[in-house]
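What follows is a short report on a single structure.
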Amino acid sequence: MTAQPPKHFIRLQDLSDREVEDILDLSSRMKQSAPRTNLSGRTVGLLFFRGSLRTRTSLVAAVQQLGGNTVNLTASSDFWDLESRDGAVMDGAAPEHIRDAAAVMSKYVSALAIRPKAKGSSWDIDREDEGIRAWAKHSRVPVINMESTLWHPLQALADLLTLRECLGELSGKRLAIAWTRSPTPAGHSVVNSILLAALRVGMHVSVAHPPGYDLDPGVVDEAQAAASARGLTLELGQGLEDAVEGAQVVYARSWSALDTYGNPTLAASRIARMSSWSIDETLMARGDDSRLMHPMPVRRNLEVSDEVLDGPRSLLYDQAENRLHTQKGLLSILLRS
Amino acid sequence: MTAQPPKHFIRLQDLSDREVEDILDLSSRMKQSAPRTNLSGRTVGLLFFRGSLRTRTSLVAAVQQLGGNTVNLTASSDFWDLESRDGAVMDGAAPEHIRDAAAVMSKYVSALAIRPKAKGSSWDIDREDEGIRAWAKHSRVPVINMESTLWHPLQALADLLTLRECLGELSGKRLAIAWTRSPTPAGHSVVNSILLAALRVGMHVSVAHPPGYDLDPGVVDEAQAAASARGLTLELGQGLEDAVEGAQVVYARSWSALDTYGNPTLAASRIARMSSWSIDETLMARGDDSRLMHPMPVRRNLEVSDEVLDGPRSLLYDQAENRLHTQKGLLSILLRS
Amino acid sequence: MTAQPPKHFIRLQDLSDREVEDILDLSSRMKQSAPRTNLSGRTVGLLFFRGSLRTRTSLVAAVQQLGGNTVNLTASSDFWDLESRDGAVMDGAAPEHIRDAAAVMSKYVSALAIRPKAKGSSWDIDREDEGIRAWAKHSRVPVINMESTLWHPLQALADLLTLRECLGELSGKRLAIAWTRSPTPAGHSVVNSILLAALRVGMHVSVAHPPGYDLDPGVVDEAQAAASARGLTLELGQGLEDAVEGAQVVYARSWSALDTYGNPTLAASRIARMSSWSIDETLMARGDDSRLMHPMPVRRNLEVSDEVLDGPRSLLYDQAENRLHTQKGLLSILLRS
Numbered sequence: 034m035t036a037q038p039p040k041h042f043i044r045l046q047d048l049s050d051r052e053v054e055d056i057l058d059l060s061s062r063m064k065q066s067a068p069r070t071n072l073s074g075r076t077v078g079l080l081f082f083r084g085s086l087r088t089r090t091s092l093v094a095a096v097q098q099l100g101g102n103t104v105n106l107t108a109s110s111d112f113w114d115l116e117s118r119d120g121a122v123m124d125g126a127a128p129e130h131i132r133d134a135a136a137v138m139s140k141y142v143s144a145l146a147i148r149p150k151a152k153g154s155s156w157d158i159d160r161e162d163e164g165i166r167a168w169a170k171h172s173r174v175p176v177i178n179m180e181s182t183l184w185h186p187l188q189a190l191a192d193l194l195t196l197r198e199c200l201g202e203l204s205g206k207r208l209a210i211a212w213t214r215s216p217t218p219a220g221h222s223v224v225n226s227i228l229l230a231a232l233r234v235g236m237h238v239s240v241a242h243p244p245g246y247d248l249d250p251g252v253v254d255e256a257q258a259a260a261s262a263r264g265l266t267l268e269l270g271q272g273l274e275d276a277v278e279g280a281q282v283v284y285a286r287s288w289s290a291l292d293t294y295g296n297p298t299l300a301a302s303r304i305a306r307m308s309s310w311s312i313d314e315t316l317m318a319r320g321d322d323s324r325l326m327h328p329m330p331v332r333r334n335l336e337v338s339d340e341v342l343d344g345p346r347s348l349l350y351d352q353a354e355n356r357l358h359t360q361k362g363l364l365s366i367l368l369r370s
Numbered sequence: 034m035t036a037q038p039p040k041h042f043i044r045l046q047d048l049s050d051r052e053v054e055d056i057l058d059l060s061s062r063m064k065q066s067a068p069r070t071n072l073s074g075r076t077v078g079l080l081f082f083r084g085s086l087r088t089r090t091s092l093v094a095a096v097q098q099l100g101g102n103t104v105n106l107t108a109s110s111d112f113w114d115l116e117s118r119d120g121a122v123m124d125g126a127a128p129e130h131i132r133d134a135a136a137v138m139s140k141y142v143s144a145l146a147i148r149p150k151a152k153g154s155s156w157d158i159d160r161e162d163e164g165i166r167a168w169a170k171h172s173r174v175p176v177i178n179m180e181s182t183l184w185h186p187l188q189a190l191a192d193l194l195t196l197r198e199c200l201g202e203l204s205g206k207r208l209a210i211a212w213t214r215s216p217t218p219a220g221h222s223v224v225n226s227i228l229l230a231a232l233r234v235g236m237h238v239s240v241a242h243p244p245g246y247d248l249d250p251g252v253v254d255e256a257q258a259a260a261s262a263r264g265l266t267l268e269l270g271q272g273l274e275d276a277v278e279g280a281q282v283v284y285a286r287s288w289s290a291l292d293t294y295g296n297p298t299l300a301a302s303r304i305a306r307m308s309s310w311s312i313d314e315t316l317m318a319r320g321d322d323s324r325l326m327h328p329m330p331v332r333r334n335l336e337v338s339d340e341v342l343d344g345p346r347s348l349l350y351d352q353a354e355n356r357l358h359t360q361k362g363l364l365s366i367l368l369r370s
Numbered sequence: 034m035t036a037q038p039p040k041h042f043i044r045l046q047d048l049s050d051r052e053v054e055d056i057l058d059l060s061s062r063m064k065q066s067a068p069r070t071n072l073s074g075r076t077v078g079l080l081f082f083r084g085s086l087r088t089r090t091s092l093v094a095a096v097q098q099l100g101g102n103t104v105n106l107t108a109s110s111d112f113w114d115l116e117s118r119d120g121a122v123m124d125g126a127a128p129e130h131i132r133d134a135a136a137v138m139s140k141y142v143s144a145l146a147i148r149p150k151a152k153g154s155s156w157d158i159d160r161e162d163e164g165i166r167a168w169a170k171h172s173r174v175p176v177i178n179m180e181s182t183l184w185h186p187l188q189a190l191a192d193l194l195t196l197r198e199c200l201g202e203l204s205g206k207r208l209a210i211a212w213t214r215s216p217t218p219a220g221h222s223v224v225n226s227i228l229l230a231a232l233r234v235g236m237h238v239s240v241a242h243p244p245g246y247d248l249d250p251g252v253v254d255e256a257q258a259a260a261s262a263r264g265l266t267l268e269l270g271q272g273l274e275d276a277v278e279g280a281q282v283v284y285a286r287s288w289s290a291l292d293t294y295g296n297p298t299l300a301a302s303r304i305a306r307m308s309s310w311s312i313d314e315t316l317m318a319r320g321d322d323s324r325l326m327h328p329m330p331v332r333r334n335l336e337v338s339d340e341v342l343d344g345p346r347s348l349l350y351d352q353a354e355n356r357l358h359t360q361k362g363l364l365s366i367l368l369r370s
């Protein structure tokens, strides 16, 4: 069975002069070859600075179903801290500048999907979304945001498809965004994204949340401008029952309070008092044949009751499935060549 | 070289109305497309709650050689704790229910291969194999067990092919399962699986182990019923020499004692007294031209001597290679469409 | 939507006798099928004992662009310690011998790319490169070194292509290898590799470094023999300005001192005194229309100034891009069938 021993490549000296020549010639010719028109033979890079189940799996599957492949990198185990300040004297912990990492990755992959991690101490700093913007600034291939501090556009695309499948024409319909209680509240990215997406397609929006859980002022300004330009109603800070009244769709989501951002102890003690902020069948019945959306993960019987989640009102699994389909659509547009 | 800047997707606002429309239309059409008949364009999800070298590599390679792709997820770095109790009020550490994780993953992948992790404190609890059964309960695509507390069916398939290649007709042949000493004993999954697989194909089986290392009573009941139904001998708790006497195949494996399950200190002190439970050429010579099997990893010169492992009796590398081939066969059957 | 429940494979008992037969028959036939002539349907295994961004991404992309796939394994999370001593009684921490791991992996993959980790306490031991040589000894498929203690041949291939693209005929040209200061100095692998590669293609080489940062004596002997056989000048231990004088290319790189190997405190205090060992435009101007090379990651404004890195002298991104192309060439040669 064992013919001749395999040819190892431990040092360059293991190759003859002719082999080195052949490899270099072949490499030069390969370098000239034109990119193909679909994702066959193309690699999409996924960089995770935080964990991911849904996004990772659905994006990898989307690329693979288009005939492409991914390389998945996890910060700290696969790579290292990156410097992002221009002109920095790099004598600290970070051995590489994001400018260089992005330029190099751009040579290898057709797109870079990034899930950044916020620093978590100051909202004013984190809301700048530097962890994704610095990649976009320096990358020479499309950067795809896999959820940053402010935005989760992949979720928004899937949510729009789900809304259209469920309601048909969206203009003039009513969406209630409902804050829900969780011991580990999510970020603002999903709620910011669905808020602006819904207004953009002509839906009236009401946002229910307890005092102190206001959305980012910059996002609110943008939402109010969008509502005003389209003659839509936008109500903020309502109670749950008022917001759900007459809505076709209730979008449930926990999110953190900005005035205790970076102070988890204070944030936790406040959340503990919010036990009434939960979605059940009685609340849903106030809507207009209302359906429930939620980007998951969902804490069952805390954020939403099993009865609603497992009943006919739930669109959660449609939303999740549409992550796959819309990501395939997005990749086809972004990476058409 | 740099033509126009790449099109980034940081927020949904980065897309024009027309682009959003195009993506949603395209996504809808893609959603209708029928699945293909082989693994081309299909993704298999691999979820690891414990480490893996052989199983991970051989299963990934199997999928890829069938034209498919995998997405590999590792608990704790890639995803989080999962709740498995029905009706739970999810106010604890787990932010997601396995019911939802399984439903969502089912939308993205054609099969889910899972390597669960036992809790490790109570055998009565762990022997229920909830870590794999809960996935099977909720998944809408085939779940493949990559080794649970009780079973390792991928290993058993490979072992059956190896036995058939080595012995031809298996009915009436003799298999000795031999407990071996290891400072880090393996679980019961492999020995349970080969025990029942061998009886099923008509082999007489003897199991050698020191006092206190009995197999799970439920597994023993099932084995005795199988032996009795086929008129096969099944001997349990023999000494090494008696078990190997006249056997065509010796299957070596360490396994833990159930009465010290969850007590590693007690377990370790007992194992330290078992120095005679080791396989060497003298022992193997008692068999009938006997061959050695072992699922690996194998502790050389502790469980089995180098002389046996590197000599003509060893089937270990055939077993390992057959993991690849039988997994390709399995996938072709499970995922035929 | 839900037709019949999916077929799970939790135990072998879940399959009928006929299904087991079918799978085994199919597995046997699949085992006979001849390998294909390109990388389509072939898997390359990547084993990382240390982190990697550039090498991981470029090698994965290379394999994928050739139509193949990879399986990427990370030590400690995906697999375990491996024993490498022949004849060892394996009663310690390592549950598997590298001999067995390599033999098994060889059954699954077409090539094994390894990034070993040095033990880090003794240069005399680490310079033996056992972490890659043991794999090469036992593997039955080509082993590709993804950077060991002494060598980084993938980088050397890319550097040679870059040099040829930049200078055309290399014979008689001058290369300066310049030690640069870094709080986290790199290993010797890159500088050893480019030193011998440059001499091999006929370049005169000067190596600048502070006292105490001499290269490995064995590597120096090999370099001096190569220079002498080709009539080339090789100067070692020069100052930065002398080395760069008249050079067409300056190759910047930090590396550790061998006499403080394994003593990071001593090493750090010595490096702190080396502030003048930095590359800027004034230094580069001493060369002959000189270009800068560096394998990255590069500490900006510490090792090399932004002005040089972002100006026309820099070849860094060409080097990085050529990693991809030369790895595709290499794989095509190593894995031609």
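Protein chains in written order, with my numbering: chain W, 34 to 370; chain X, 34 to 370; chain G, 34 to 370.
Think of the CB as a built atom: it goes at the ideal place given N, C-alpha and C, for glycine as much as any other residue.
Please look up how many angstroms separate the CB atoms of residue i and residue j, rounded, as I've assumed it's under 8 Å.
i	j	result
alanine 280(G)	alanine 209(G)	4 Å
tyrosine 350(G)	valine 137(W)	7 Å
serine 365(W)	leucine 99(W)	7 Å
isoleucine 304(G)	proline 218(G)	7 Å
How should residue i be labelled, buried or exposed, when 16 other C-beta atoms within 10 angstroms of its C-beta is the threshold for buried?
i	result
alanine 258(G)	exposed
leucine 193(W)	buried
threonine 298(W)	exposed
threonine 182(G)	buried
aspartate 292(W)	exposed
arginine 51(W)	exposed
aspartate 162(W)	buried
Considering only residues of the same chain and omitting the five flanking positions on each side of residue i, which have a CB-CB separation below 7 Å?
i	result
glycine 77(X)	According to the sequence provided, residue 77(X) is valine. The question's glycine does not apply to it. Excluding positions up to five away in sequence, the list reads Val96, Gly101, Thr103, Val142, Ser143, Ala144 and Ala146.
serine 91(X)	Arg356, Leu357 and Gln360
serine 154(G)	Gly295
So what does residue i bridge to, in DSSP terms?
i	result
alanine 211(W)	Ala241(W) and Ala285(W)
leucine 145(W)	Gly78(W) and Val176(W)
isoleucine 312(X)	Val337(X)
serine 347(G)	Leu325(G)
threonine 103(X)	Val77(X)
leucine 200(X)	Looking at the DSSP assignment, leucine 200(X) forms no beta bridge with any residue, so it has no partner.
glutamine 271(G)	Ala241(G)
glutamate 129(W)	Leu115(W)
CB-CB under 6 Å to residue i, same chain, minus the five flanking residues each way: which ones, in chain order?
i	result
threonine 88(W)	Met179
proline 328(W)	Gln188 and Val223
histidine 185(G)	Ser222, Val223 and Ser226
arginine 332(W)	Ser215
Whose C-beta lies closer than 8 Å to the C-beta of residue i among residues of the same chain, with five residues either side of it excluded?
i	result
histidine 130(G)	Leu115, Glu116, Ser117, Ala121 and Met123
leucine 228(G)	Ile210, Val238, Val240, Leu248, Val252 and Ala256
leucine 106(G)	Gly78, Leu79, Leu80, Phe81 and Phe112
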